[in-house]
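**Student:** As they're listed, the protein sequences go chains U and R. Residues 10 to 182, numbered by the working numbering, are exactly what the first sequence covers, in order. Residues 10 to 182, numbered by the working numbering, are exactly what the second sequence covers, in order. We put the beta carbon where it would ideally sit given N, CA and C, even for glycine. What you are looking at is a predicted structure, and each value in this text was computed from that prediction instead of being measured. To start, I am sharing the structure in question, which I have written as structure tokens.
There are 2 protein chains.
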Amino acid sequence: MQYETGLFRKFLEKRGLRVTQTRMQIAETVFSTHKHFTPDELAEWVRKKDSSTGRMTVYRTLGLLVESELVEELTLRKGQNLYEHVVGHKHHHHMICLRCGRIQEFSNEALESLPRQVARQKGFTATSHAIKIHGFCKACSPIANGHRGGGEGETVGVASSRAQVGSGEPSET
Amino acid sequence: MQYETGLFRKFLEKRGLRVTQTRMQIAETVFSTHKHFTPDELAEWVRKKDSSTGRMTVYRTLGLLVESELVEELTLRKGQNLYEHVVGHKHHHHMICLRCGRIQEFSNEALESLPRQVARQKGFTATSHAIKIHGFCKACSPIANGHRGGGEGETVGVASSRAQVGSGEPSET
DNA sequence: ACTGGTATTGATACTCAATACCGGGATTAT
DNA sequence: ATAATCCCGGTATTGAGTATCAATACCAGT
Ligand SMILES: [Zn+2]
Ligand SMILES: [Zn+2]
Ligand SMILES: [Zn+2]
Ligand SMILES: [Zn+2]
């Protein structure tokens, strides 16, 4: 985490931006966890150290963190966006459970190189890619079995949020 | 297109919903093209046939079309969501140009089977997946070459919308 | 230390997409 | 015909994210 804050500091300096305590405190909070989080959750965490920190500043700093490529913006669901700290965390993608909303990570060698190649073939220069898998997690698969797809009156695809931020703390590691 | 409307009709009946003219007209409009569209664009198209059609009904019917799995909801960018008619259109994924915003489609055999397998290994039952590639399209690649990534004052990643709905008509095929 | 100039911050107001709600109208069943 | 539903479309509301702006913090030079 020392390392990440160093990188962010360097980024700010290169941009001619000031290294303020507020910014660094937001960054530290982000770097202190590898959980996915929303801007509002982050704001809440930050306010435990400095209750005066405004929502706007959190949004702006988050923007800087994304530009510096130390944080990634995910687009996994509607509602508030999710972000994650990516330094020191193996590049990965996400599986989203349609029933409980839990988000699971995975990574695979072939899935990393292929997209880039396919793009190249079309004259497209890929800089990044994101893979999103929808379905049912281990716990929910048994329940959901038997009736998927089609048009039953069951309404499976709900619950698309919640169930993934546990405590009110970023939680180390 | 005859075919798709038939499927939608069947879906409505199975659900005990009424097959109304408004609903079918919205569905027909959707099925008459394979372009990506926003709810408001769709509403505009539909109003060329029946100017009294309300925005709400378009949203609701679009919801039904998604539930029936005849239409897919994409999550490619911020702002208004994009939708596309998927029946009779080879399953594919998307490349989004960071400069001009153009969206290009692609498909690849290996990329179809792999995600499902990877998910299975983790006890996850995949029902669908989406792959999104960011980068620079053929036209924009030369321009963008030389300076990507890092933290220059260049601000490359703009223009994230526009440039993909040409006419005010759905346009056959 | 003082001063002038710039960057940062946070409250408020605003935009835009999506949803909730409701009353009137159409359709179906009795 | 009458009652019970379902459908429709306008309006109000929510919710996430952005723009604005005055006050403050910071910095460099004196
Ligand atoms: Zn689950
Ligand atoms: Zn992740
Ligand atoms: Zn382009
Ligand atoms: Zn497409």
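Spell out a yes or no on whether the region 16-24 of chain U and the region 56-69 of chain U are touching, meaning 3 or more CB-CB pairs, one atom from each, closer than 8 Å.
**Tutor:** Contact between the region 16-24 of chain U and the region 56-69 of chain U is absent, because fewer than three Cβ pairs lie under 8 Å.
**Student:** Any beta carbon of chain R sitting closer than 9 Å to that of U/A36?
**Tutor:** As a working mapping, residue 36 of chain U is identified with position 27 in the first sequence. Taking Cβ atoms only, chain R never reaches closer than 9 Å to U/A36, which makes this a no.
**Student:** Kindly indicate which three-state DSSP category U/A148 falls into: helix, strand or coil?
**Tutor:** Working through the first sequence from its first residue, we reach residue 148 of chain U at position 139. Here U/A148 sits in coil by DSSP.
**Student:** Please classify R/P151 as buried or exposed, where buried requires at least 16 other C-beta atoms within 10 Å of its C-beta.
**Tutor:** Stepping through the second sequence from its first residue, residue 151 of chain R is reached at position 142. With fewer than 16 Cβ atoms within 10 Å of its Cβ, R/P151 is classed as exposed.
**Student:** So what does DSSP say about R/S77, is it helix, strand or coil?
**Tutor:** Within the second sequence, numbered from 1, the residue matching residue 77 of chain R stands at position 68. Of the three classes helix, strand and coil, the one that applies to R/S77 here is coil, per DSSP.
**Student:** Going by other Cβ atoms of all chains shown within 10 Å of its Cβ, with 16 needed for buried, is U/F104 buried or exposed?
**Tutor:** The count along the first sequence starts at 1 and reaches residue 104 of chain U at position 95. With the sequence shown as reference, residue 104 of chain U is identified as Met, and Phe is not the correct amino acid for it. Label assigned to U/M104: buried.
**Student:** Assuming R/F17 is part of the alpha helix (DSSP H), what are its boundary residues?
**Tutor:** The residue you call residue 17 of chain R lines up with position 8 of the second sequence. Note, R/F17: alpha helix (DSSP H), Q11 to K23.
**Student:** So with Cβ pairs under 9 Å, would you call R/S61 a contact of chain U?
**Tutor:** Numbered from its first residue, the second sequence carries residue 61 of chain R at position 52. So, not an interface residue.
**Student:** For the region 118-132 of chain R, list every residue whose C-beta sits within 7 Å of some C-beta in chain U, in sequence order.
**Tutor:** So the list reads A119, L120, L123, P124, V127, A128, K131 and G132, given in the order they occur along the chain.
**Student:** Could you list the residues in the region 142-153 of chain R with a C-beta less than 7 Å from some C-beta on chain U, going in chain order?
**Tutor:** Within the region 142-153 of chain R, the qualifying residues are I142, H143, G144, F145, C146, K147 and S150.
**Student:** For the alpha helix (DSSP H) that R/F133 lies in, which residues bound it at each end?
**Tutor:** For this step, residue 133 of chain R is matched to residue 124 along the second sequence. Here R/F133 belongs to no alpha helix (DSSP H), and DSSP marks it neither H nor E.
**Student:** From R/K141, R/Y68 and R/F46, pick the residue whose C-alpha is nearest to that of R/V187; which is it?
**Tutor:** Residue 187 of chain R lies beyond the range of chain R shown here (10 to 182); nothing can be said about it.
**Student:** Only counting the same chain, and skipping five residues up and downstream in sequence, which positions put a Cβ closer than 8 Å to that of R/S116?
**Tutor:** Translated into positions along the second sequence, residue 116 of chain R becomes position 107. Result list for R/S116: K99, H100, H101 and H102, in chain order.
**Student:** Any Cβ of chain R within less than 9 Å of the Cβ of U/M33?
**Tutor:** On the first sequence, position 24 is the one that residue 33 of chain U refers to. Cβ-Cβ to chain R under 9 Å: no for U/M33.
**Student:** By alpha-carbon positions, which one of U/E93, U/G97, U/A139 and U/F145 ends up nearest to R/T84?
**Tutor:** Residue mapping note: residue 84 of chain R aligns to position 75 of the second sequence, counting from 1. When each option's Cα is compared against that of R/T84, the closest is U/A139.
**Student:** For the alpha helix (DSSP H) containing R/E249, list its first residue and its last residue.
**Tutor:** Nothing can be reported for residue 249 of chain R, as the shown portion of chain R is limited to 10 through 182.
**Student:** By the 10 Å Cβ neighbour count, where 16 or more other Cβ atoms means buried, how is U/T29 classified, buried or exposed?
**Tutor:** Your numbering for residue 29 of chain U matches position 20 in the first sequence. With fewer than 16 other Cβ atoms within 10 Å, it is exposed.
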